[in-house]
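To keep things clear, I will list the structure first and then write my remarks on it.
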Amino acid sequence: MNTGKYIAIISKSIFVVFTLIPVALGFGYAFLYSFGILGILNDGFTLAHWKKVLFTPTLWESLGFSFYIALISLTIAIVFALIIAIYLKQKLQKGFLSIAIYLPLVFPALVMAFFSFLLLSKSGWLSRVSIRLGFINELEQFPNWINDNYGIGIIFTSILLITPFFIILYTNLYHHEKLDNYKELSQSLGASPINTLRKVLIPILLRKSIFTIVLFFIFVMSSYEVPLLLGKQHPQMISVFTVDKLQRFNLLDIPQAYAISCLYGLLVLGTMALFLVKHSKIKLK
Amino acid sequence: MSYLKIQHISKTFKNEPVLNDISFSLEKSKVLSILGKSGSGKTTLLKIIAGLIKEDTGKVILEGKSISKMPPNHRNIVYLYQEPLLFPHLNVFENIAFGLRLKNLPKMIINEQVTTMLSNINMEAHANKMPGELSGGQKQRVAFGRAIIIEPKVLLLDEPFGALDSETRDQMQILFKDLQQKKAITALFITHDLKESLIMGDQLGVITEKKLTLYASKQDFIDDESTGSKKEMDFWEKIYKS
Chain V
1 MNTGKYIAII
11 SKSIFVVFTL
21 IPVALGFGYA
31 FLYSFGILGI
41 LNDGFTLAHW
51 KKVLFTPTLW
61 ESLGFSFYIA
71 LISLTIAIVF
81 ALIIAIYLKQ
91 KLQKGFLSIA
101 IYLPLVFPAL
111 VMAFFSFLLL
121 SKSGWLSRVS
131 IRLGFINELE
141 QFPNWINDNY
151 GIGIIFTSIL
161 LITPFFIILY
171 TNLYHHEKLD
181 NYKELSQSLG
191 ASPINTLRKV
201 LIPILLRKSI
211 FTIVLFFIFV
221 MSSYEVPLLL
231 GKQHPQMISV
241 FTVDKLQRFN
251 LLDIPQAYAI
261 SCLYGLLVLG
271 TMALFLVKHS
281 KIKLK
Chain X
1 MSYLKIQHIS
11 KTFKNEPVLN
21 DISFSLEKSK
31 VLSILGKSGS
41 GKTTLLKIIA
51 GLIKEDTGKV
61 ILEGKSISKM
71 PPNHRNIVYL
81 YQEPLLFPHL
91 NVFENIAFGL
101 RLKNLPKMII
111 NEQVTTMLSN
121 INMEAHANKM
131 PGELSGGQKQ
141 RVAFGRAIII
151 EPKVLLLDEP
161 FGALDSETRD
171 QMQILFKDLQ
181 QKKAITALFI
191 THDLKESLIM
201 GDQLGVITEK
211 KLTLYASKQD
221 FIDDESTGSK
231 KEMDFWEKIY
241 KS
């Protein structure tokens, strides 16, 4: 056996031992716990925890709210990233901007959430500036953007966190996929600059980044620190809702928390599987 | 009257002159083959004619009117790269239909024209395939079809067969010549290949030292030692005799 084969086997083993096995064990444990098979207070197999979870409207509200946050955040972030990457592509390749664009990526989500809190809360900078400028008379008049019903603070922070990543991705894709050549070709075939953008540049960039978009959708949907700091008690995003159940004083809630984790895990896996099957079919076509 | 007229075109990039006072004219439905070394400014010349690069001085005149200030999408001059550059998100049919859809033609007419073009380029069986599923030669056929279907006033070909193997290259030369005559296309054809320039061009020119030399006939081109045609012919003659 040559060295290449050994390295391949070792790589696969590392992947299985450090990635697949821990996830499978964790998932299996949560699954058994949720069916009452494991756990100190459980008495044996039961569907009670799953029934309770599935018929709790709060769970579906939480899932819907997480989906809404991910959809709005990602849509706005992608639109911003596309505009910036397409119109500032030269500056993003060289000079100050090419370095500055990496800076937001070094801030952890919690720091960014705290920054949003300082900026957007009723006692934050924007509110104080608004008073100084005479837009409002007292802090209470400033709109609720933190811990609000629409998750504006969470969306704002998610956009801050993911937009730089998509700008870097699209700037690199633009050069790697030779989009300047496609742009010239499209114009030469009679497309106006708007048509070139709409029918060539944006579809190519979106198509090439579809996997990343799906992964980031799941990332935002499952985010924890940001909604914990900036979200409301109701509705909660799915991770906060699950951890809340897991850490409550009532130990009988723990199997439900595991059932929610399993359900969410299955939903994500199912969606990914459907997406992969559909994408590979499109590729085959 | 000349169909396409290039008058005193010059271009400099970062203080480096690329083209210097280029002038020539081309009649309708004729092909001008241009030879030149890498970096001699051939691509720049084509891009200036297509409106993709702005000339420093000079004029591009098409059908008696200056088009120098016209944006590329209004010129109806198609510039084809060496790479076929098929749009990766569209299948073969939609790639060919691209220019027609921009004109907002009725669906039925688009379908009809694209189907005819698919048959002209022998790609009927591949209409629903994505670009990644095609060979280099097939991609280049589609690129031709996509350009020719919009009936461009001038077709600019920048070493279109440069990346193909010799057999596919020969087939593509025949296909292009056939389509060019059928559709009476006016074209500028850039190539490194002496033989190809002679096959494809009705007129021949060479860019050297930022200047374009045009030849009155193919014989003049062959007789000029600097084109290398004589050397090439001598080489094959020697091989044949030995």
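Chains as they are written, first to last, in this note's numbering: chain V, 1 to 285; chain X, 1 to 242. Every residue gets a Cβ at the ideal spot worked out from N, C-alpha and C, and that includes glycine.
Item                                                                                                              : Value
Assigned exposure category for L19 of chain X - 16 Cβ within 10 Å defines buried                                  : buried
Through-space distance from I146 of chain V to I155 of chain V, alpha-carbon basis                                : 10 Å
Closer than 8 Å at the beta carbon, the chain V residues around N76 of chain X                                    : G190
Beta-carbon proximity list for A163 of chain X, same chain, < 8 Å, skipping 5 on both sides                       : Q82, E83 and G136
Cβ of G99 of chain X within 8 Å of any chain V Cβ                                                                 : yes
Residue-chain proximity (K285 of chain V, chain X), Cβ-Cβ < 8 Å                                                   : Since pLDDT at K285 of chain V reaches only 48, below the 50 mark, its modelled position is unreliable, and the value read off the structure follows with that caveat. True, the Cβ-Cβ gap to chain X drops below 8 Å.
Nearest to Y33 of chain V (by Cα), restricted to the options V:A48, V:T19 and V:P22                               : V:A48
Nearest-angstrom Cα separation, counted from A109 of chain V out to Y264 of chain V                               : 22 Å
I121 of chain X vs F144 of chain X beta-carbon contact at 8 Å                                                     : yes
Within 9 Å of chain X by C-beta, residues of the segment 206-236 of chain V in sequence order                     : L206, R207 and K208
Rounded separation between L71 of chain V and F217 of chain V - CA only                                           : 7 Å
Own chain, CB closer than 6 Å to K14 of chain X, minus 5 neighbours either side, in chain order                   : none
CA-to-CA distance, V220 of chain V to D148 of chain V, given in whole angstroms                                   : 18 Å
Through-space distance from K54 of chain X to V226 of chain V, alpha-carbon basis                                 : 50 Å
Chain V contact residues for P72 of chain X, given Cβ-Cβ distances below 7 Å                                      : Q187 and S188
Local conformation of G228 of chain X per DSSP, three classes                                                     : coil
Exposure label - W50 of chain V; buried when at least 16 CB within 10 Å                                           : buried
7 Å Cβ shell around Y258 of chain V - same chain, five flanking residues per side excluded                        : A30, Y33 and S34
Limits of the beta strand (DSSP E) - the one that D21 of chain X falls within                                     : E16 to L26
Contact set between P203 of chain V and chain X, taken where Cβ atoms lie within less than 7 Å                    : H89
The segment 125-139 of chain X / the segment 167-181 of chain X touching (three or more Cβ pairs under 8 Å)       : yes
CA-to-CA distance, K210 of chain X to I14 of chain V, given in whole angstroms                                    : 59 Å
Coil, strand or helix - K183 of chain X by DSSP                                                                   : coil
Contacting residues, own chain, Cβ-Cβ under 7 Å from K218 of chain X (five flanking each side not counted)        : L198 and L204
Residue-chain proximity (I150 of chain X, chain V), Cβ-Cβ < 8 Å                                                   : yes
Delimiting residues of the alpha helix (DSSP H) encompassing Q140 of chain X                                      : G136 to I148
Beta-bridge partners of Y79 of chain X, as assigned by DSSP                                                       : X:L156
Element boundaries [alpha helix (DSSP H), containing F13 of chain X]                                              : Run containing F13 of chain X: none in the alpha helix (DSSP H); it sits in the beta strand (DSSP E), L4 to F13.
Interface residues of chain V facing L52 of chain X [CB-CB closer than 8 Å]                                       : E184, Q187 and S188
H126 of chain X versus I210 of chain V - alpha carbon distance                                                    : 25 Å
Sequence ranges, alpha helix (DSSP H) only - wholly within the segment 20-80 of chain V, length at least 4        : 21-34 and 48-54
Sub-8 Å separation of L80 of chain X and P160 of chain X beta-carbons                                             : yes
Three-state secondary structure assigned by DSSP to F142 of chain V                                               : coil
Proximal chain X residues relative to N195 of chain V, where beta-carbon distance stays under 7 Å                 : L102
Integer Cβ distance of V60 of chain X from I49 of chain X, believed to fall under 8 Å                             : 6 Å
Contained beta strand (DSSP E) runs [length at least 3] in the segment 185-211 of chain X, N- to C-terminal order : 187-191 and 203-208
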